[in-house]
């Protein structure tokens, strides 16, 4: 596994038209930013990277941000051309996603995207109430959402995902119900539904500290989550991961790469990658990123993933999926039985009704779905490796 | 008298044994440093601030736990060479007995009083100990260079409150090195040379001892009569144990072996002693072949006053914990421990201490030096329980209190507490003492501003949160000292705590009947605050006998899951998960409830004043 090249690529575009109140990603408001120089640097990083880790057939590409769609038509075209130049071998089934904010995808840009190979758009709708959108610092309007989805389809991009959020300040269970109804009415292929997590260094964190962030109660938040699950499943979207729902066959292949603990290229400022048993993270600052790419890969930190860590990650990530962790796949990958490594932990969690085993695969129970952190943390430092000469 | 004896006598006349007594923070350690510096006992290179406080913990807390002594050569203004022995005293009420023994090793004491703060309760307590030992007391008014210094007022205070002649009190600033020479001259001229008969049978008093891995117990002694030398066979008069002396010496200030320690001298003795318990503080060492008839006065067997359970957080650390206690015990004759089992906490030890500070020090050393995470139960005092069947039992662990129908009555230890406060706080202090079941004894105006209030208080109340409340109630102005006065009958009951319907023995405590409901309610509220929410609802009940006196419920946690987790996040998410797991490690699973360490000490955190 350590010698295969990644078949997935993540590319980070750290610019936004505006920074949202909950965002702690690497993202810079685009005005005055050296976007073209950044794209130059990104090309150089691709060159340095493929020189080190030659590309194989690529199965998924994900351009995220920030807001990649703040790139103008020319910049977009240039980016997509570069990606194709450095990663020329594509699977017929490639899933090629770009993140977009509603209202940032005019027809001309969509046509460039389609021509560049993009076949999936993930729209950050978040919610369907104007005042809630304004509260979280989003600049798009409710009507932008539907219009953007429609335009994308008209151009020929038929795989659409919508991001929704719950647990927003002042959001009620009824608001969430409404958001789902509106979302489902647009008939996207996929939903990602996240609860708001207030991270340090965000506008929301500051407000929280001042006691000025009227978050819904835990009880309401739980109701929003359960409601989401029920309504989306009823509408034909199955929950294939803790926060993700899809029409059959439309599960995100790219994100599944992560959850299946498979390798991927990570390119761009602040991007993470995982290849040949090493995880890395790039420098965050745009200026620094551009400078560093002159001389090589702009890596800030690397981490050799130990065998045990890899096994833990296999669990922490894999159990997020509805299909869970397959005993057979685990053995194939690590050459040791899952029961040997984590037998005690699995038994304890099963007894607590947090995990279940069915047909050789372990997965979260209904209860485990709500207490994922207790499940995941249980694996840390608890593995027993019986392989000689590891 | 032969030549040797005459020489001995001349030497004896040149010895001055003294210690420094002071309230905490009044500058004792700094003064000791300056004296060491001035006499050249330490070169500048060796000079380490506050030499006498040698443990890290001591230096951090600014208190002295282990005693030290230093031999200082001093050429006085009269042109003669003197040997000054400075013997340190511990600075806390827990160690009063040790203070009294180290003072007994001296003929004089410097009484250091802060020029701004004046006389404090602890100062008074130590002065009385010094007077009990017939010491010559030399007042030193320290920190005279502080802007708020008022040496004249303090001089007056020393005369009025303590009854000492302070007309010759040295005005000093240890920090700036002012008055050091004058202090040393006073030691030479005012402190008497040791009396003692060099030809009488050996009598040496043990004032401290410490365990050394190579030499065994090193005993700190003051030779009162006769002399002690290498090869001599000696007997400990209290324990009857005999040993052969392998080494004697002095601290100069590093240990330095000598042929013998003569009458009046202070130093150390090594005799292949394996256990500090054989060298009890206050005991008399005599010659086994020519024993003294009577031991020195003042020896007392000291018993632990405060007990608590100590349990390893991780039960696999049990053996390590026992080893740590064994090692600490080597150096601490007043530490006691024995194995105990708790239904909630598993295998651990019940440990006895001189007081709360002593307890905290041991806990901290185990966690820091031996790296064993501990769960400590709330401290308890020793109760005497008179049962209806005539049996009398002493209880160190609240869990062992028999059911109320078997109890005739219970006695608890009382102390006499002296509290010195500025006028404005008299009401506050009396109210506090009253709320702690105190019995008023006496009140005396020391001057227009300050009052000494004396109360009898149950030791158990002091063990709770008396100190903290006294400090906060008087904005830190109160000073406090206490001594044991014996046992008194009290109406006490045992409070049991149930978590999720299961009694948790380690949370039981003994409380006065009249306060039981109130404390029970406070305690369950505190537990509710401390115990994190679990996946299920957890009722907390406080019961006396079978009667529930207070109840709270910890609501169930509804969910705990990271919504997003993509590849790039895994390192960060792992950190979050690790933190969560680390938090859990500091918890003990009691039944199926995860209880954090602090909960077992929660009984100490109940603020009675918030009524």
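Protein chains in written order, with full-length UniProt numbering: chain A, 1 to 390; chain B, 1 to 611. Glycine is no exception: its CB is placed at the ideal position from the N, C-alpha and C atoms. Note that the coordinates shown come from a computational prediction; the quantities given were computed from them, not determined experimentally.
Residue i in three-state terms, based on DSSP
| i | result |
| --- | --- |
| residue 477 of chain B | coil |
| residue 351 of chain B | strand |
| residue 124 of chain A | strand |
| residue 111 of chain B | strand |
| residue 575 of chain B | helix |
| residue 392 of chain B | strand |
| residue 234 of chain A | helix |
| residue 311 of chain B | strand |
| residue 300 of chain A | strand |
| residue 487 of chain B | strand |
| residue 373 of chain A | helix |
| residue 335 of chain A | coil |
| residue 201 of chain A | coil |
| residue 214 of chain B | coil |
Straight-line gap, residue i to residue j (C-alpha atoms, nearest Å)
| i | j | result |
| --- | --- | --- |
| residue 233 of chain B | residue 203 of chain B | 13 Å |
| residue 449 of chain B | residue 530 of chain B | 42 Å |
| residue 413 of chain B | residue 459 of chain B | 6 Å |
| residue 288 of chain B | residue 189 of chain B | 37 Å |
| residue 541 of chain B | residue 521 of chain B | 9 Å |
| residue 582 of chain B | residue 262 of chain B | 58 Å |
| residue 4 of chain B | residue 292 of chain B | 22 Å |
| residue 269 of chain A | residue 283 of chain A | 6 Å |
| residue 147 of chain B | residue 482 of chain B | 32 Å |
| residue 609 of chain B | residue 377 of chain A | With a pLDDT of only 47 at residue 609 of chain B, under 50, the local geometry of the prediction cannot be trusted, and no value is derived from it. |
| residue 219 of chain A | residue 558 of chain B | 7 Å |
| residue 165 of chain B | residue 138 of chain B | 9 Å |
| residue 317 of chain B | residue 586 of chain B | 13 Å |
| residue 61 of chain A | residue 254 of chain A | 7 Å |
| residue 359 of chain B | residue 354 of chain A | 41 Å |
| residue 236 of chain A | residue 247 of chain A | 6 Å |
| residue 305 of chain B | residue 485 of chain B | 12 Å |
Endpoints, the alpha helix (DSSP H) within which residue i is located
| i | result |
| --- | --- |
| residue 80 of chain B | Note, residue 80 of chain B: premise wrong, no alpha helix (DSSP H); not H, not E. |
| residue 106 of chain B | Element bounds for residue 106 of chain B: n/a, residue is neither H nor E. |
| residue 528 of chain B | 516 to 530 |
| residue 294 of chain A | 286 to 295 |
| residue 621 of chain B | Residue 621 of chain B lies beyond the range of chain B shown here (1 to 611); nothing can be said about it. |
| residue 254 of chain A | 253 to 259 |
| residue 592 of chain B | Looking at the DSSP string, residue 592 of chain B is not in any alpha helix (DSSP H), and its letter there is neither H nor E. |
From the options, residue whose alpha carbon lies closest to that of residue i
| i | options | result |
| --- | --- | --- |
| residue 474 of chain B | B:496, B:254 and B:430 | B:430 |
| residue 54 of chain A | A:310, A:265, A:82 and A:216 | A:265 |
| residue 101 of chain B | B:300, B:349, B:601 and B:368 | B:300 |
| residue 349 of chain B | B:341, B:578 and B:532 | B:341 |
| residue 10 of chain B | B:326, B:18 and B:80 | B:80 |
| residue 252 of chain B | B:24, B:70 and B:441 | B:70 |
| residue 118 of chain B | B:236, B:420, B:244 and B:298 | B:420 |
| residue 176 of chain A | A:127, A:197 and A:210 | A:127 |
Element boundaries [beta strand (DSSP E), containing residue i]
| i | result |
| --- | --- |
| residue 534 of chain B | That residue, residue 534 of chain B, is in no beta strand (DSSP E); it is neither H nor E in DSSP. |
| residue 100 of chain A | 90 to 100 |
| residue 512 of chain B | 509 to 512 |
| residue 63 of chain A | 58 to 65 |
| residue 210 of chain A | It is not in any beta strand (DSSP E) - residue 210 of chain A carries neither H nor E in the DSSP assignment. |
| residue 267 of chain B | 266 to 270 |
| residue 24 of chain A | Run containing residue 24 of chain A: none; DSSP gives neither H nor E here. |
Checklist entry - Going along the chain, which residues of the segment 326 to 357 of chain A sit with their C-beta nearer than 9 Å to a C-beta in chain B? => result Legend: CB atoms of the segment 326 to 357 of chain A lying less than 9 Å from CB atoms of chain B belong to residues 352 and 354.
Item to check | Positions along the segment 170 to 203 of chain A whose CB lies within less than 7 Å of some CB in chain B | outcome: Listed by position, the residues of the segment 170 to 203 of chain A near chain B (Cβ gap below 7 Å) are 194, 195 and 197.
Checklist entry - What are the residues of the segment 238 to 257 of chain A that lie near chain B, defined by any Cβ-Cβ distance shorter than 8 Å? => result Going along the segment 238 to 257 of chain A in chain order, one finds 242, 243, 255 and 257 with a Cβ nearer than 8 Å to chain B.
Checklist entry - Listed from N- to C-terminal order along the chain, which residues in the segment 217 to 238 of chain A have their beta-carbon within a distance smaller than 9 Å of any beta-carbon of chain B? => result Those residues of the segment 217 to 238 of chain A that come within reach of chain B (Cβ to Cβ, closer than 9 Å) are 218, 219, 221, 222 and 225.
Checklist entry - Going along the chain, which residues of the segment 365 to 377 of chain A sit with their C-beta nearer than 8 Å to a C-beta in chain B? => result Considering only beta carbons, the part of the segment 365 to 377 of chain A lying closer than 8 Å to chain B consists of 367, 369, 370, 371, 372, 373, 374, 376 and 377, in chain order.
Checklist entry - Got a sec: which bits of the segment 504 to 538 of chain B sit with their beta carbon under 7 Å from any beta carbon on chain A, in order along the chain? => result Cβ contacts with chain A come from 535.
Checklist entry - Any residues in the segment 145 to 167 of chain A with a beta carbon nearer than 7 Å to a beta carbon of chain B? Which ones, in chain order? => result Those would be none; no residue qualifies.
Item to check | Residues in the segment 580 to 601 of chain B having any Cβ partner in chain A nearer than 7 Å | outcome: Cβ contacts with chain A come from 580 and 581.
Item to check | Positions along the segment 544 to 571 of chain B whose CB lies within less than 7 Å of some CB in chain A | outcome: Those residues of the segment 544 to 571 of chain B that come within reach of chain A (Cβ to Cβ, closer than 7 Å) are 558, 559, 560, 561, 562, 563, 564, 565, 566, 567, 568, 570 and 571.
Checklist entry - Just by C-beta distance, which residues in the segment 290 to 312 of chain A are closer than 7 Å to chain B? => result Within the segment 290 to 312 of chain A, the qualifying residues are 303.
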